[in-house]
Structure formats: C-alpha cells, structure tokens
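Below is one structure, written out as structure tokens, with a few remarks after it.
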Amino acid sequence: MDERPVSPALKIAAGLMFLFLLAPLLVVLPISFSGDDFMAFPPSSWSVKWYGAIFANSVMMNAFWISLALAFVVTVLSLGIGLPAAYALVRLKPPGAEALANLFSAPLLLPTIVLGLALLLVFAPMGLIGSFQGLVAAHLIVTLPYAVRVLSTALANLPLTVEEAAGMLGARPLTVFFRVTLPMMRSGLVSTTALCFLVSFDEVVLSLFMTGPRLQTLPVAMYNHVDQQADPMAAAISVLLVVLTLAVVLVVDRTAGLTRTFVK
Amino acid sequence: MTSLALSHTEPRRLGPLGTASALLLPIAVVNAIGFLWPVVNLLKMSFREAQASGALGAGYNLDTWTNALTDSFTLELITNSVGVSLLITVLTLIASYPIALYLHRSTGTWRTVLMVLVVAPLLTSAVVRTYGWIAILSDRGLVANALMALGMAEPPRLMFNLTGVVIGLTEILMPYMILALLSGFGRLDPRLEEAALTLGASPLKTFWRVVLPLTAPGMALGGLLCFVLAISSFVTPKLLGGGRVFLLATEIYDQAIVTLNWPLAAALSMIVLVVFGISLTLYARALRRIA
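So the sequences go chain by chain: A and B. First residue of the first sequence? That's 507 in our numbering, and the numbers climb one at a time after it. First residue of the second sequence? That's 232 in our numbering, and the numbers climb one at a time after it.
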C-alpha cells in the first residue's frame, strides 16, 4: 500500500533497535553450550555439559513436571469453565452480559504483584500456600480471562445459519453445540489451549507467592537459581523453554494462524 | 440468580436466563473467590495493626497508612518508582518508535517475519530474558568483555544497580510499546507525508509536524501500558537490581514474604493501584487533547 521508500536512517535505527530487542535471546544460545563452570560471555570453551546438568538436577526436573502438570490442569479447567461462560455471554446474552464480561476480565487489569499478594493473604490462612490446589486456583484467575475473551470472539465470528439449520432439522441444543458449534470453533479452541498453557507455564510472579520450599514451578525454580548463581545451566533451560514455546506457536500457526491469535 | 442456578438438574425446564446463570456459575465462583474477595480483603488488611512478630492485631486503625505516608523511606520508594518507570517509558518509546514505523512501512512476508520477531520475546518468560541481560551486563558479560578488549581497564558496573534495571526493563517492555504504536499508526496516511514533502517541507519537518502528531494516540496508549507494567514489574528489578534497587513492587514482595508485615504490603499495593488510577486519568485527558 505504502509506496514511499523507507529512508536509510530509519532502516539503520530500526535495525539497531531490533538488535537491542533480541539481544538477550541471542546471547542465551551460545552460553548454553559453554564449557566454563561459571557464566562468562563469550565462553572460553564449548560443551553440552550444562544440558546434562539439567537432567541430573532433581530440583529442576521436579519443577518441570510440576509446571507441566499444572499447565495441563489449568488449561483443561480454563476450557471447561471458560467455554460455558463464553457461550452464555455471546449466545444467551443475559441482562448485564457486558458488565459481567468486564468483571471476568478484570483480574488482568490488576498487576500480578498486587494479585499475588491478595491471593497470598486469603490462601495462607486456608493452608493453600505451597499446595498444588493453591497454584491451580491462582493460575486460573489469570488464564480464565484469556479463555473467555478468545472463545467469545471465536463464537461471535461463527455464522449462526448452520446452527439454526441443525436446530430446525430437529437436533437438540446440546447436540447442535457438540456436533456443529464446537467443531466450527476449532481454531479458537486451539488458540485458547495454547494461550492458557503458555500463560500458566510461564507465570512466575503469582507462583512466587503461592509456592513453598517443597513445591516449585519451573519458572520459580529458575528464578531462585538465577537469583543465587547465574551459571550456564539457566541458559540451557532457557533454550529448551524457547524451543518449547516455538513448538507451541508453530502448532497454533498451522491450525489457527499466529497473527490472528496473538496480534489483535 | 442462586435459585435459578441451583435448579440446573432439570436443564430443559430452564428458561434462557436460567441456562445462562447455570453456565456462568463456575466462572462467577472462581472470580468471587479468586478476585473480588481477595481484593476486598487486601484493602481491609491495610487497616489492620501490624505487630513485630508478624502477627496481626485484632483491631482496625490508620497506623499503617500514616506510617507509610510520613516515613521518608516509603515516600522515596514511591517517587523513585514513579520516576524510574517514567524514564523507562520514555526510553521504551524512543527505542520502539523506529521499529514500529519501519514495520508500518514494510509489507508481505518481510513484515510477517519482523512481526514474529517482535512477538517472540513476548512469549518467552521474563526470567529467561532477564537472564539474557545478566549475560550481557554482568562483570564477565558481553559488554564488560568487549570494553576490556578495547582497552578499558575497569568497565563500569552495569548490573546490581539502577542502570541494569532500566536497560533490562526497557527491552522487556518494547514489544508492548511496538504493538500499541502499530495499533495507532492506522491514521498515518502516506499521502499526507507526500503532500507535506511536495509543498516543500524538509523530511525532518515532515516527521516533526505531520508524522509525530498523527501517531500521538498510539504513543499515549503505549506510554500508559509501559508505565503501568514498569511500576508493577518485579522479576527484572529483583534479579538485575540484586537487592540494591528499592522499588514499590520489590518492596511489596519483601514486606509480604520476608518481613511478614502484611498490612504495609497491602498499603503499598493500594498505593500502586492509586498510581494506576492516576495514570489512567492522565491518559484519558491526554487522549482528549490529542483528538
């Protein structure tokens, strides 16, 4: 559309700023292959020993499995709670639907440091700190708004005619929903799943308030590790995390389209 | 609403309102338990009495608030946090503007590739990106080694101080700023620039008088977003500040987890929310002036 040639000055400025933006991700890869015992850049020798160190580190491995299980449970619950809510808000439009939608997305407006503290203060007396249930509840508060929003958009964009046709041909509402509506929402469901999974898997501030010494998620274990000693093992974990994120993004891109999902 | 929701064992007898209530009940419960109640409780907590042991007094009073608002440490904490966040916002805007403008002017696959590069950091954990900055800024990091190779005997300390926090947070907030700027660049019609250039304005003057004012709404949105995210971010200031940089967010965590002064942590949280409210009001006012 825009035929105006881009000036060289803008090109250079944009290039430099891109370098700045990507710098932390670009240095992590070489450091993860460091042969040094401490973090230095550039490393003085190369090896894959830090990747081996992850699998020998029981704290990190436990934290990884906890994060994986947590993200799975949180994603399933987000879909299970978010889908009926989105359906009710978009299709049944009860009075005050808009106010309710705002209320349900309100937790995202709260800074996580404030939300984390607020949850700590009510969960601590209930003995939920350092428990899996407490983590699930905390993560649900931030994944549900995403789930409801993405699923609502997906539902609102569906053509009603197919569902109406199925209804007129005698299909019961539940049958219409499961046989017609749900399959048509496939890309919205994939986006929601990926988004909830990544948000839960990456969440660190809420988790810092919710975890105890015995139960740590991977981002919390990494935070604690980097806080004490920023050795190359953290770089190796970072690389694996970036690869995992890329894999999820690729799956979403194939099934739903990346830009449609993450760039509104 | 409760009575309607309770009768969900007979779904076919429910009217549309009843079905809607039943479908919304789970999310309403999660929202009430995980959001409304904790926030109300947080406000109440700031009026509780803190005791040295970390226990809470029985009554409610204004002690925490009066202490927080007269103590020079907390006051400095607030002004520091606001100042640092403003600085980060301005730096983020300066660093993001060329990228956003370049993205706005590029097309096709190239634009998609660049877009992915902008969104990719957003999808990686703040811990990972902060760790990357430690690798660049630490005493044995990229910058220090490069400066030493160039002959500098003692490179400046870039980490465990405010410099590191500002550099790291600026980079971490750039994707939000770029996306906000892009959303506002729709009003930037290339024909207006061409007209200005044809009428004899220099490229610099065209940028200053045409491009910049037209993109002001995007700048305001990005500014609001970055300021709010900067003042509430915790991981980066904690790791790159190394416990030597005191900001509102890090102090909330320390008071809650280390010192166990919950009323003070709650009061500081409320102060963060007040700063949020003020910046939203200023944003709305700025937007009205631009439009």
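Glycine included, each C-beta is placed from N, C-alpha and C at the ideal position.
Inter-residue CB distance, residue i and residue j (contact presumed, cutoff 8 Å)
i: residue 594(A); j: residue 254(B); result: 4 Å
i: residue 632(A); j: residue 371(B); result: Wrong, their Cβ atoms sit about 45 Å apart, outside the cutoff.
i: residue 542(A); j: residue 549(A); result: 5 Å
i: residue 534(A); j: residue 745(A); result: 6 Å
i: residue 441(B); j: residue 423(B); result: 6 Å
i: residue 286(B); j: residue 498(B); result: About 17 Å separates the two Cβ atoms, so there is no contact after all.
i: residue 624(A); j: residue 392(B); result: Not quite, the Cβ-Cβ distance comes to about 31 Å (not below 8 Å), so this is no contact.
i: residue 725(A); j: residue 367(B); result: In fact, because the Cβ distance is near 21 Å, the residues do not count as touching under 8 Å.
i: residue 636(A); j: residue 720(A); result: 6 Å
i: residue 556(A); j: residue 738(A); result: 5 Å
i: residue 732(A); j: residue 365(B); result: 7 Å
i: residue 523(B); j: residue 418(B); result: Residue 523(B) lies beyond the residue range present for chain B, which begins at 232 and ends at 522; the question has no answer from this structure.
i: residue 493(B); j: residue 281(B); result: 7 Å
i: residue 395(B); j: residue 472(B); result: 7 Å
i: residue 642(A); j: residue 579(A); result: 6 Å
i: residue 401(B); j: residue 323(B); result: 5 Å
i: residue 248(B); j: residue 600(A); result: 6 Å
i: residue 331(B); j: residue 416(B); result: 7 Å
i: residue 664(A); j: residue 691(A); result: 7 Å
Whether residue i touches residue j by CB criterion (8 Å)
i: residue 761(A); j: residue 693(A); result: yes
i: residue 618(A); j: residue 702(A); result: no
i: residue 574(A); j: residue 644(A); result: no
i: residue 503(B); j: residue 518(B); result: no
i: residue 620(A); j: residue 500(B); result: yes
i: residue 656(A); j: residue 687(A); result: no
i: residue 461(B); j: residue 413(B); result: no
i: residue 188(B); j: residue 278(B); result: In the structure as shown, chain B starts at 232 and stops at 522, and residue 188(B) therefore has no counterpart that could be examined.
i: residue 476(B); j: residue 510(B); result: no
i: residue 722(A); j: residue 520(A); result: no
i: residue 319(B); j: residue 457(B); result: yes
i: residue 640(A); j: residue 728(A); result: no
i: residue 751(A); j: residue 389(B); result: no
i: residue 528(A); j: residue 348(B); result: yes
i: residue 610(A); j: residue 262(B); result: yes
i: residue 634(A); j: residue 584(A); result: no
i: residue 741(A); j: residue 513(A); result: no
i: residue 675(A); j: residue 269(B); result: no
i: residue 747(A); j: residue 356(B); result: yes
In DSSP terms, what residue i is bridged to
i: residue 279(B); result: 291(B)
i: residue 540(A); result: 552(A)
Residue range of the alpha helix (DSSP H) that includes residue i
i: residue 501(B); result: 493 to 521
i: residue 759(A); result: 738 to 761
i: residue 469(B); result: 466 to 472
i: residue 563(A); result: Careful: residue 563(A) lies outside any alpha helix (DSSP H) and carries neither H nor E.
i: residue 720(A); result: Note, residue 720(A): premise wrong, no alpha helix (DSSP H); not H, not E.
i: residue 310(B); result: 303 to 336
i: residue 194(B); result: Absent from the model: residue 194(B). The displayed extent of chain B is 232 to 522, so no value can be given.
i: residue 394(B); result: 393 to 415
i: residue 422(B); result: 421 to 429
i: residue 547(A); result: From DSSP, residue 547(A) is part of no alpha helix (DSSP H); its letter is neither H nor E.
i: residue 618(A); result: 618 to 629
i: residue 483(B); result: 479 to 484
i: residue 674(A); result: 666 to 674
i: residue 733(A); result: 724 to 734
i: residue 262(B); result: 247 to 262
i: residue 475(B); result: Unbroken run through residue 475(B): none, as it is neither H nor E.
i: residue 708(A); result: 692 to 708
i: residue 434(B); result: 434 to 437
i: residue 614(A); result: Per DSSP, residue 614(A) belongs to no alpha helix (DSSP H) and is neither H nor E.
i: residue 648(A); result: 638 to 662
i: residue 513(A); result: Here residue 513(A) belongs to no alpha helix (DSSP H), and DSSP marks it neither H nor E.
i: residue 683(A); result: Taken as a continuous stretch (DSSP letters only), residue 683(A) belongs to no alpha helix (DSSP H), as it is neither H nor E.
- prompt: Between the stretch 359 to 375 of chain B and the stretch 459 to 475 of chain B, do at least 3 Cβ pairs fall closer than 8 Å?
  reply: yes
- request: Taking 8 Å as the threshold, find out whether the stretch 436 to 456 of chain B comes into contact with the stretch 601 to 616 of chain A through three or more Cβ pairs.
  value: no
message: Closer than 8 Å is the cut-off here; do at least three beta carbon pairs connect the stretch 371 to 381 of chain B with the stretch 332 to 352 of chain B?
response: no
query: Are the stretch 402 to 416 of chain B and the stretch 321 to 329 of chain B in contact at 8 Å, needing three or more beta carbon pairs?
result: yes
- prompt: Pairing CB atoms from the stretch 647 to 666 of chain A with CB atoms from the stretch 585 to 592 of chain A, are three or more of them under 8 Å?
  reply: yes
Stretch pair the stretch 742 to 758 of chain A + the stretch 653 to 673 of chain A: three plus CB contacts closer than 8 Å: no
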